[in-house]
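Engineer: Line order of the protein sequences matches chains F and X. Each number in this note's numbering corresponds to the 1-based position in the first sequence with 265 added. Each number in this note's numbering corresponds to the 1-based position in the second sequence with 2 added. From the three backbone atoms N, C-alpha and C, an ideal C-beta is built for every residue, glycine too. These numbers were taken from a predicted model, which means no experiment stands behind them. Before anything else, here's the structure in question.
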Amino acid sequence: MSELEINPALCTRILAAFIADEVLKVGAHGVVVGVSGGIDSALSFALAVKALGRSASLGVAMPYRQSSPESLADAQLLAAHLEVELMVVDISPQVDAYFATQPTDDRNRRGNKMARERMSVLYDLSQERTALVLGTSNKSELLLGYGTLYGDMASALNPLGDLYKTQVYQLAEYLGLPSSLIRKAPSADLFEGQMDEQDLGFSYAQADRVLFHLVDQRCPEEEVVAMGFPAELVRTVRDRVRRNQFKRRPPLIAKLSSRTIDLDFRYPRDWGH
Amino acid sequence: MTQQHRLRMALVQHAPRLGDLGPNLDWTCEVLAQEVARGEDLVVFPELSLCGYFLKDLVPEIAIRLEGPEMGRLIKAVGRGSAVVGAVLESPAHRFYNAAILIAEGRIVHVHRKVYLPTYGMFDEQRYLAAGSRFEAVDLPLAGGGSWRLGILICEDLWHPSSAYLLSRGGADLIICTSASPGRGVAGGQAELGTAALWGAMTKTYAALFTTFLAYCNRVGFEDGHYFWGGSRVLGPDGGLLGGEPAGDQPTILRAELDRGLLRRMRIAYPLLRDEREDVLWQQLKVDPGDV
C-alpha cells in the first residue's frame with residue numbers, strides 16, 4: 266500500500282462536512298468555484314455539490330479567448346455530470362483592455378493577470394450571492410508554489426489544501442468524476458500548450474512522494490535520497506518549498522506596536538462561530 | 003458515603019461556538035436541565051465545552067471564575083443531578099486554566115485543571131494557559147444518597163499513563179476523559195483516522211488495565227479547518243463498550259448505565275489493582291535517570 270493512499274470515503278465525508286460547516290456557520294448561503302476543466306477544480310466543485318447541494322454551489326468557467334477550447338468543454342462536461350448549471354464569464358475584454366495599455370509578450374505576466382481577473386470575478390459573484398469562494402489549490406501546488414498569488418491561490422475555504430495531487434486523483438476516481446478529466450495531463454492553462462509537469466521538470470507522482478517524506482514525515486533530505494529518490498529531484502523539490510514560502514503566508518507587517526496583527530494579535534478565524 | 007450501585011450517565015457530544023460564551027452557556031443550561039429531568043445521574047460535556055478549543059488570544063476574554071455568575075447559572079441548571087463542564091477558569095492570581103468542573107449537590111465538588119498542555123504540531127496551549135498540577139479521585143455525591151468515586155482527565159492528560167495510574171491509585175471507579183481532539187492521519191488508506199484509532203486503543207486499554215469504567219467525551223464540528231471527530235464512548239472495566247457503539251462525528255448524546263456488579267466481577271477475575279507493586283515503582287522513581 267502506498268504511503269499516499271487515502272481512504273476516499275473518509276476523506277470525502279470530512280471535506281464535505283468541512284465545507285458545509287464553515288459556509289453555513291458564518292451565514293453564507295453557498296460557494297462559488299472557478300471551474301477550469303481540470304481535475305482540482307472538478308473535485309472542489311463536486312465536494313461542494315455533495316456538501317451544500319446543487320443550488321448552493323455555483324461553478325464558473327472563465328475562459329480567455331486563447332484558452333484551450335477543450336478546457337471549457339471539460340468544464341461543461343463536469344457540470345453536466347454533476348447536473349449543475351455552469352456560468353461562463355469571458356474574461357477577454359478586461360484582460361485585453363489592460364494589456365492594450367501595458368503591452369507585454371511575457372506569457373507568465375499575461376497568465377498571472379488572467380488568474381487574478383478570474384479571482385476578481387469569483388469574489389464579485391460571491392458577494393452578489395452571499396457565498397464563499399472555494400479554493401482549488403492542492404497541497405502539491407501550494408508546497409511547490411505552483412500557483413498565482415492572489416489569483417487561483419485566493420479563496421475563503423480550500424478543501425484540497427491538504428491533499429497531494431495524487432490523492433486528488435484518488436478522490437476524483439472515488440467520486441466517479443468524468444474519466445477524461447482524470448486522464449488528461451495537468452495544465453495551469455495560463456498559455457497555450459502549458460503542462461504542469463513540463464514546467465516543473467518532474468511528475469507529481471514523483472514529487473508527491475518526496476514531499477510526503479520531507480514535509481509530512483519530516484525526514485532529512487539525505488534519508489529521502491537513501492530511500493532511492495534521485496538527489497537532484499529531492500533538492501529541487503526542497504528548494505521550491507523554501508523559495509515559495511512567501512506564497513503561503515499573509516503579507517509581512519512591520520512591527521511597531523506591542524500588539525501587531527498575526528504576530529501577537531492572534532485570534533482564530535472562526536472567532537464567534 | 004455509601005456506594006451507589008448504578009450510575010446513569012449522558013455524554014453530550016456537541017460543537018460549541020468558538021469564543022462565544024453566552025450562547026454556549028444558554029445551550030448548556032438547557033441541556034443540563036433536560037438531561038437531569040430525564041433522570042441522568044451525571045451529564046458530561048467535552049473539553050472547553052463553554053467556549054471552544056482553538057481560542058488563542060480569546061483565552062482571557064472568555065474565562066470564567068469559580069465565584070462568577072456563569073457558575074451560578076450552571077449550578078442552578080444541574081439541580082439535583084451532577085455534571086462535568088469544560089471552561090477556561092481564571093484564578094484569583096489571574097492564571098488561566100483549561101478546566102473541567104464537577105458540579106453536584108448545588109456546589110462545585112471538584113475542579114480538574116489540565117496538567118498536560120500540548121504544545122507541538124497544531125497545539126499551542128502552553129502559550130495561553132497555565133498547567134494544573136494534580137490528578138485527584140473524588141467522591142461524586144448523588145441525589146439518591148450514594149456516591150461514585152471518579153477522576154477527571156482532559157484530553158492530553160490521558161496520553162500520559164501516570165495520570166490514569168494516579169486516579170486509579172486514588173480509588174477511582176470511573177475515569178472521565180473530556181476531549182477536543184482534532185482528527186488527523188489519513189495516509190496509508192486506513193479505515194479510520196489515525197487519531198481515532200489511537201484513542202480507541204488507548205481508552206480500551208486503560209479501562210482494562212486499570213479495571214475501571216472509562217467515559218470518553220469528545221467534541222464535534224470544525225474550528226479553523228480542524229475537524230473534531232467525536233467518537234464519544236463509555237467502556238467497562240472489561241474493555242467492552244457500554245451504551246452502544248462509539249458516537250460518530252455528529253452532535254449527539256450518548257447514554258450508558260454503569261453497574262458496580264460488573265466492576266466487582268472484573269476486579270475479582272483480574273485483581274490487577276490489588277497486585278500493583280507500588281513499592282517497586284517508588285524505589286525506581288527515586289533513581290535519577292539523568293538526561294535522556
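#1: Against F:R375, what residues of chain X qualify as contacts under a CB-to-CB distance less than 8 Å, listed in chain order?
#2: Ordered along the chain, which non-local residues of its own chain (more than five positions away) have a Cβ less than 8 Å from that of X:L76?
#3: Which residues in chain F have a C-beta closer than 7 Å to the C-beta of X:F224? List them in chain order.
#4: Could you check whether the stretch 219-226 of chain X touches the stretch 6-23 of chain X, counting it as contact only if at least three pairs of C-beta atoms, one from each stretch, sit closer than 8 Å?
#5: How would you list, in chain order, the residues of chain F whose beta-carbon sits under 7 Å from the beta-carbon of X:K58?
#6: In or out: F:M266 buried (at least 16 other Cβ within 10 Å) or exposed?
#7: Are any of the Cβ atoms in chain X nearer than 8 Å to that of F:M266?
#8: Taking only the alpha-carbon atoms, compute the straight-line gap between X:P248 and X:W231 and give it to the nearest angstrom.
#9: Can you list, in chain order, the residues of its chain whose CB lies under 6 Å from that of F:M384, leaving out five sequence neighbours each side?
#10: Three or more C-beta pairs under 8 Å: does that hold for the stretch 163-178 of chain X against the stretch 137-155 of chain X?
#11: Starting from F:D464 and walking both ways along the beta strand (DSSP E), at which residues does that stretch end?
#12: Output the boundary residues of the alpha helix (DSSP H) element that contains X:V188.
#13: Could you please tell me which residues of the stretch 464-496 of chain F, in chain order, have their CB closer than 8 Å to any CB of chain X?
#14: Using 8 Å as the threshold, is the C-beta distance between X:G148 and X:Q5 below it?
#15: Suppose you measure from the CA of X:R235 to the CA of X:Y229; what does that come to, to the nearest Å?
#16: When the distance is taken between beta carbons, is X:R82 closer than 8 Å to X:V111?
#17: Would you tell me roughly how many angstroms separate the C-alpha atoms of X:A193 and X:K116, rounded to the nearest one?
#18: Note down, in chain order, every chain F residue with its Cβ under 8 Å from the Cβ of X:Q15.
#19: Cβ atoms of F:A326 and F:L337: under 8 Å apart, would you say?
#20: Please state the DSSP three-state secondary structure of X:A210.
#21: Under a three-way DSSP split, which group does X:P239 fall into?
#22: Does the beta-carbon of X:Y122 have 16 or more other beta-carbons within 10 angstroms, so that it is buried, or is it exposed?
#23: For a contact defined as C-beta to C-beta under 9 Å, what are the partners of F:I526 on chain B?
#24: Going by DSSP, name the residue or residues bridged to X:L91.
#25: Between the alpha carbons of X:W295 and X:R186, how many angstroms are there, rounded?
#26: Given a threshold of 16 other Cβ atoms within 10 Å of its Cβ, counted over all protein chains shown, does X:L23 qualify as buried or as exposed?
#27: Hey, quick one: how far does the beta strand (DSSP E) through X:D28 stretch, first residue to last?
#28: Taking 8 Å as the CB-CB cut-off, is X:D28 touching chain F?
#29: Of the residues that make up the stretch 101-124 of chain X, which ones have a beta carbon closer than 7 Å to any beta carbon in chain F?
#30: What does the alpha-carbon distance come out to for the pair F:L414 and F:T501?
#31: I'd like to know whether the C-beta of X:G21 is nearer than 8 Å to at least one C-beta of chain F.
#32: Answer with buried or exposed for X:V294, where buried requires no fewer than 16 other C-beta atoms within 10 angstroms of its C-beta.
#33: With 8 Å as the threshold, decide whether the Cβ of F:N272 is near any Cβ in chain X.
#34: Applying a beta-carbon distance threshold of less than 8 Å, which residues of chain F neighbour X:A189?
#35: By alpha-carbon positions, which one of F:D286, F:D305, F:Y532 and F:P533 ends up nearest to F:G412?
Structural biologist: So, from the data block:
#1: Residues of chain X with a Cβ closer than 8 Å to the Cβ of F:R375 do not exist; the shortest Cβ-Cβ separation is about 33 Å.
#2: Here the set comprises L27, T30, C31, L34, A85, V87, I103 and I105.
#3: Those within 7 Å of X:F224 in chain F are F283, D286 and E287.
#4: The stretch 6-23 of chain X and the stretch 219-226 of chain X touch, with three or more beta-carbon pairs separated by less than 8 Å.
#5: Chain F residues near X:K58: R531, Y532 and P533.
#6: Note on F:M266: pLDDT 49, under 50, position unreliable in the model; no value is reported.
#7: Below a pLDDT of 50, predicted positions are generally treated as unreliable, and F:M266, at 49, falls in that range; the measurement from the model is reported next regardless. Interface residue, yes.
#8: When rounded, the distance between both Cα atoms is 11 Å.
#9: The residues are G416 and A419.
#10: The stretch 163-178 of chain X and the stretch 137-155 of chain X touch, with no fewer than 3 CB-CB distances between them shorter than 8 Å.
#11: That residue, F:D464, is in no beta strand (DSSP E); its alpha helix (DSSP H) goes D461 to L465.
#12: Annotation for X:V188: no alpha helix (DSSP H) segment contains it, and DSSP assigns it neither H nor E.
#13: Hits within the stretch, in order: F477 and D481.
#14: For X:G148 and X:Q5, yes; Cβs fall inside 8 Å.
#15: Whole-angstrom Cα-Cα distance: 18 Å.
#16: No; because the gap between Cβ atoms is not below 8 Å, this pair is not in contact.
#17: Each residue's alpha carbon lies about 31 Å from the other.
#18: Within chain F, no C-beta atom comes nearer than 8 Å to that of X:Q15; the closest sits roughly 14 Å away.
#19: Result yes, Cβ atoms of F:L337 and F:A326 sit closer than 8 Å.
#20: Reduced to three states, the DSSP call for X:A210 is helix.
#21: X:P239 sits in coil when the DSSP states are folded into three classes, being neither helix nor strand.
#22: When all chains shown are included, X:Y122 counts as exposed.
#23: Among the protein chains in the structure shown, which are F and X, there is no chain B.
#24: Under DSSP, X:L91 shares a beta bridge with X:I66 and X:Y99.
#25: Here chain X covers residues 3 to 294 and nothing more, so residue 295 of chain X does not appear.
#26: Looking at its Cβ environment, which holds 16 or more other Cβ atoms inside 10 Å, X:L23 is buried.
#27: Looking at the DSSP string, X:D28 is not in any beta strand (DSSP E); the run it does join, the alpha helix (DSSP H), is L23 to A39.
#28: Chain F places no beta carbon closer than 8 Å to that of X:D28, leaving this residue out of the contacts.
#29: Residues passing the 7 Å Cβ filter: none.
#30: In this structure, the CA atom of F:L414 is about 21 Å from the CA atom of F:T501.
#31: Yes, its Cβ sits closer than 8 Å to a Cβ of chain F.
#32: So X:V294 ends up on the exposed side.
#33: With its beta carbon less than 8 Å from one in chain X, F:N272 belongs to the interface.
#34: Taking a Cβ-Cβ cut-off of 8 Å, the neighbours of X:A189 in chain F comprise E268, L269, E270, I271, F477 and D481, given in sequence order.
#35: Nearest C-alpha to F:G412: F:D305.
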